[in-house]
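One structure below.
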Amino acid sequence: MKVLVSGAGIAGLTSAFWLTHYGFDVTVIERAPEIRDEGYMVDFYGEGVQIAKAMGILEKLYALSANLKTVDIVNNNSKIVGSMKISDIQKAMTDSNSGYMPLMRGHLERTIYEALPDQVKFHFATTITHIDNSPDAAKVTFSNGDTEEFDIVIGAEGIHSTTRTLIFGEEEKFKVSMDAQVAIVRLAGAANGNINVAKTNMAIGNFLATVPTKNGDLIAVFAYNSTAPTPRNHDDALAMLRKIYSPQKQFTNNIINQITDDTYIYIDEVAQIRMPKWCENRVALVGDASACLTLLSGQGSLMAMAESYILARELSLAKGDYKTAFKNYEKNLMPTIAQKAIDSAKVTILIPKNWLSYQMFKLIFRFMKFPMVQKMVFKQYMKPTIFDQGYPLENA
Ligand SMILES: Cc1cc2nc3c(=O)[nH]c(=O)nc-3n(C[C@H](O)[C@H](O)[C@H](O)COP(=O)(O)OP(=O)(O)OC[C@H]3O[C@@H](n4cnc5c(N)ncnc54)[C@H](O)[C@@H]3O)c2cc1C
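So our numbering is basically just the index in the sequence shown, starting at one, shifted up by 12.
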């Protein structure tokens, strides 16, 4: 069977991996001219760790993850007011077998890409402009004007998926806004040799986290409440950051002042995608395209991997009966995702709403060394995974 995967992010690449493993003929298209290994640190645990192990890439990911030791909470003048050890998080996770590691999104994406067999065909700088999605075949028109028929099309284009819009309708129908935005920049060499400590500065309505990379760059993550439209270009994004963060003195100003005209700013809104179904005729959606839990949920990458694996496995089990495969894909995942969407809707508490919640955060950081506090804070990470609950996970 011929499968087209649109989008070479975590979901698209994981889909390509498992579909090829199960014997499908896979083509991947990606809008960007090459693999996009941007992004900051993602929480990686649970389903993600289990699937990475089954794919044979877990050890490589552990080796890439290692540098971070501490997360400090700092005040406006960069003075440490609370601190949390990564080993404490790992310990809490180990107790639950979750295998937590902080991982750069780009490292995860590149590692999956490098694990793909040669037979996966890639077309970069290419998008879908039209799909004739009939029970007989999915006839796809590409941005270069070419057309081709596929048995299955998988939309893995992230939260702003084009395939979703073409087949299911406008994004607004499925988007649940959290009235917040996240902007991420990478500042070359800005860690000044300190590659073990991440820092967070919180204020009412926003936070700024800085995370060092192994090679000494600093990833700065700005998260703030906003109902304004997401800025669409570099200058507007920078103006937004200056407006939101300017009252906060040294720590934030120091970071913002290092953003130059050449600094790429990744910016997007904090929103969920909630859909009543993920499949229509010969088209299925995976990852953020079908079930984004928000950029701040700490589960986007690992659930994208779980969805991609389960969809590929169900297609393999159904031996060409894609309708049955799609039904089982939705049946096995939708209840879990629906619950996670409810839980993740609370993530904007990470951005303090008022003085009281700001003080709460400082207290939590101060007492994080106590196992009871660790368990309270990380309880979402300790839930049994979909595989712990019985969905079979096969080794590649
Ligand atoms: C550049 C970038 C940086 C990110 N940084 C972080 C981060 O730091 N922390 C975090 O938690 N999450 C981050 N995310 C989101 C996170 O990767 C996802 O929540 C999660 O991994 C689910 O992945 P996904 O593959 O469904 O979507 P995504 O990771 O968004 O990948 C979608 C892919 O599809 C491509 N694409 C989009 N539209 C089209 C189209 N029309 N045709 C073809 N291809 C298309 C995109 O270029 C991208 O490669 C980032 C996403 C991107 C794209």
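All C-beta atoms, glycine included, are put in the ideal place defined by N, C-alpha and C.
Shortest gap from the CB of T139 to any heavy atom of ligand 1: under 7 Å. Listed as beta-bridge partners of K151 by DSSP are D144, E161. Counting C-beta atoms within 10 angstroms of its own C-beta, G35 has fewer than 16 neighbours from the protein chains shown and is therefore classed as exposed.
Apart from the 5 residues on each side of it in sequence, L327 sits with its Cβ closer than 6 Å to the Cβ of A337 in its chain, given in chain order. Residue range 295 to 297 is occupied by the beta strand (DSSP E) that includes L297.
The residues A303, in chain order, have a CB closer than 6 Å to that of I349 in the same chain once the five nearest residues on each side in sequence are set aside. A heavy atom of ligand 1 is found nearer than 7 Å to the CB of S18. Restricting attention to N204, A28, T239, the CA atom closest to the CA of L230 is found in N204. If you ignore the 5 residues before and after N79, its C-beta comes within less than 8 Å of the C-beta of I207, N208, P224, T225, K226, all in its own chain and listed in chain order. Under the three-state reduction of DSSP output, R286 falls in the coil class, being neither helix nor strand.
Annotation for H172 indicates a beta carbon within 7 Å of some heavy atom of ligand 1. In this model, F382 and S369 are separated by some 20 Å (Cα to Cα). R48 has its Cβ nearer than 7 Å to a heavy atom of ligand 1. Within the same chain, Cβ atoms closer than 7 Å to the Cβ of V385 are found at I376, F379, the five residues on either side in sequence being excluded.
In the structure shown, Q193 adopts extended strand secondary structure according to DSSP, grouped into three states. The beta strand (DSSP E) runs of length 3 or more contained entirely in the segment 180 to 239 are, from start to end of the chain, 187 to 199, 209 to 215, 218 to 224, 230 to 237.
Burial check for F136: the Cβ neighbour count within 10 Å stays below 16, so the residue is exposed. With 16 or more neighbouring CB atoms inside 10 Å of its own CB, V54 falls in the buried class. Comparing C-alpha distances from N269 to each of D280, I279, Y278, Y257 shows the shortest one belongs to Y257.
With contacts defined as CB atoms closer than 8 Å, I69 and V295 fail to qualify as a contacting pair. The Cβ atoms of Y236 and N213 do not sit closer than 8 Å to each other. With 16 or more neighbouring CB atoms inside 10 Å of its own CB, Q284 falls in the buried class. Using a Cβ distance threshold of 8 Å, A23 and S320 count as a contacting pair.
Residue T159 holds the alpha-carbon nearest to the alpha-carbon of T139 among I124, T159, V282. Bounds of the alpha helix (DSSP H) holding P383 are 383 to 389. Remark: the shortest separation between the CB of S313 and any heavy atom of ligand 1 falls under 7 Å. The straight-line gap separating the alpha-carbon atoms of T175 and P45 is approximately 19 Å. For K185, the closest alpha carbon among the candidates I171, G58, I216 is that of I171.
Taking 4 residues as the minimum length, the alpha helix (DSSP H) runs contained wholly in the segment 289 to 333 are 300 to 303, 312 to 329, in order along the chain.
Comparing alpha carbon positions, the residue from I363, Y57, A195, P288 closest to N245 is A195. Apart from the 5 residues on each side of it in sequence, T306 sits with its Cβ closer than 7 Å to the Cβ of M190, V282, A283, Q284, S356, V359 in its chain, given in chain order. Remark: the shortest separation between the CB of Y52 and any heavy atom of ligand 1 falls under 7 Å.
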